[in-house]
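Only one structure is covered here, and it is reproduced in the block below.
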Amino acid sequence: MMKIPFYIPYYTGEELQYIQEAMNKHQISGDGLYTDRITGLLEKKFQVKKAFMITSATHALEIATMLIDLQPGDEVIMPSFTFPSTANAVLLRGAKPVFCEIDENTLNIDPKKILEKITPKTKAIIPVHYAGIGCDMDKIMDIAKSHHLHVIEDAAQAVNAKYKDKYLGTWGDIGCYSFHGTKNFTSGEGGAILLNTNDESLIKKVEMIRQKGTNRNQFVRGEIDAYTWMNIGSSYVPSDILMAFLYAQLKGMDMIMMKRKKIHDYYCHHLKEYIDAGIIKTAEFSKDYQPNYHLFYLLFQEERIRDKVKQELMDRGIATAIHFMPLHSSPMGQRLGYVKEDLPITEKTSETLLRLPMYTSMSEKELDYVMGHLKSILKKIGEI
Ligand SMILES: *Cc1c(COP(=O)(O)O)cnc(C)c1O
C-alpha cells in the first residue's frame, strides 16, 4: 500500500543558498535585503502601488482593519465559509463580522447576498478567494463604490491568481496574502499586505503599525536622524531569514503554479465522467478566472457519502481533508448570535466538500494510485 499525504511543502532547491547569504550579510532581522527584494518582486509582478511583508495573512488582515479605522459598532460583511482569521481581525477592533452566503458554484461570497446585508453601520467587505479562484471582483467593487465601503481582499489562498487580467489582492483597497506552510508559495509562516493607494499617509501608517508604532523605516532610509514612538503599533515584520527562504519560492512562482496546474488537470480529466454524470462536482471556471491551483476539492451529494469516501480513501493510505468549518455555526459564531440555519449553502458545502491530496511535488505514480482507488470507490457509490 502506498501512503499519500494530504500535503507536503515544496522546495525549489535555492532556499538554503539565500538563507546562507542573509546570514553572511548579517541580515537576519526584519526589513533587510531579502525583504526588499521580495517587496520589489511583488510590486512589480502584481502591479500594485505598495506591498509590505508581514508575519502572516492573519496579521495582514489585522493591520487592514486598523488602517480603515474600524470601530466598535461597525459591521463588516464576509463569508462564513473562510478561516477564522478573516473574522478575528474584525472582532479584535470591537466591530461585528456579518456573515454572508456564498454562491454554490464558486464557493465565493455571493454579490447579490452582499446587498441584503448592507446597513448604515456597514464599513467594509472582506471577499475571500476560495481555492485561489477569484470572487466576482468587478461586481463587489461596484457595490462597495456605490455604498462607500472599503474592500479588504482575503487573498491568503490566491497569490499569483488573477480575475479578469488583474491579480487577486490588487482589486480592493487592501489585499492580504499568506505564505503559510500549507500555501502554494511559503516561508513556513509569513504574509504580505498590498495597498492600492497613492495616499502617502496610509503607507506611512502601515510602516509604523508593523514597526512597533515607530518611524524606524524612515530612519533606515536616512530621512530622519533617530526613530521614536509615533503611534499605536505592534511587531509584524518577518525575519529576513524567512524572506530569504521565500525569495527562492517566489522566484519559482510560475514554475510551481504550472506543476500544480498539471495535478489539477489530471484530476479534472480523470474525473470527468463522474462530474458529467452529476455524481460529484468540482470548481468550474470560465476564461475570466486564472486560478493558482491552490487546492482541489470535490462536492458530493450528501455528507454521509463524503464521509464514507473519505474513510475508504484513508483505509487505502490516502489522506484527504474537509473544509471549512463554517464560522457562523462554530462555537464562537453561535456566541455572536448566529445559528446553523442562517446560511444553508455554506453548511451544505462544508458537509459535502472533500479536498484531495495536492502538493507541488506530487508524482504521476502517486496520482495514478489516488485515482485508481478513488474511481473504484466512485463506481460503487450507489451502494454507499
Ligand atoms: C491560510 C488562510 C489565512 C491565514 O493565513 P496565515 O498566513 O496562516 O495567517 C487566512 N484566510 C484564509 C482564507 C486562509 O486560507
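The numbers in the sequence shown follow the working numbering, run straight up by one, and end at 385.
Glycine residues also receive a C-beta, built at the ideal position from the N, C-alpha and C atoms.
Predicted model, so just to flag it, every value in this text is computed and none were measured.
Residue i vs residue j beta-carbon contact at 8 Å
i      : j      : result
Gly133 : Tyr294 : yes
Ile212 : Gly234 : Note that residue 212 corresponds to Gln in the displayed sequence, not to Ile. Yes, they are a contact pair.
Lys97  : Glu76  : yes
Tyr178 : Ala156 : yes
Asp241 : Gly383 : no
Pro358 : Val340 : no
His148 : Ile69  : no
Ile175 : Ala65  : yes
Ala23  : Leu34  : yes
Gly135 : Leu108 : no
Thr353 : Glu274 : no
Lys184 : Gln158 : yes
Distance, residue j Cα to residue i Cα
i      : j      : result
Ile119 : Asp111 : 13 Å
Ser330 : Phe220 : 47 Å
Leu43  : Ile20  : 19 Å
Ser351 : Lys113 : 21 Å
Asn197 : Lys50  : 6 Å
Leu296 : Val238 : 28 Å
Ala278 : Pro10  : 34 Å
Tyr267 : Met3   : 19 Å
Leu300 : Lys376 : 15 Å
Lys206 : Ile323 : 38 Å
Lys167 : Asp143 : 16 Å
Ile378 : Arg94  : 47 Å
Glu102 : Thr347 : 6 Å
Asp104 : Asn199 : 33 Å
Simplified DSSP state of residue i, which is helix, strand or coil
i      : result
Met363 : coil
Ile110 : strand
Thr40  : helix
Ala322 : strand
Val77  : strand
Ser240 : strand
His151 : strand
Met54  : strand
His271 : helix
His265 : helix
heavy atom of ligand 2 below 7 Å from residue i C-beta
i      : result
Gln335 : Ligand 2 is not part of the structure shown, which contains ligand 1 as its ligands.
Those residues, in chain order, that have a beta-carbon closer than 6 Å to some heavy atom of ligand 1: Result: Ser57, Ala58, Thr59, Thr83, Phe84, Ser86, Thr87, Val129, Asp155, Ala157, Gln158, Ser179, His181, Gly192.
Complete beta strand (DSSP E) runs within the stretch 279 to 312 (minimum length 3 residues, chain order): Qualifying beta strand (DSSP E) stretches, in chain order: 298 to 300.
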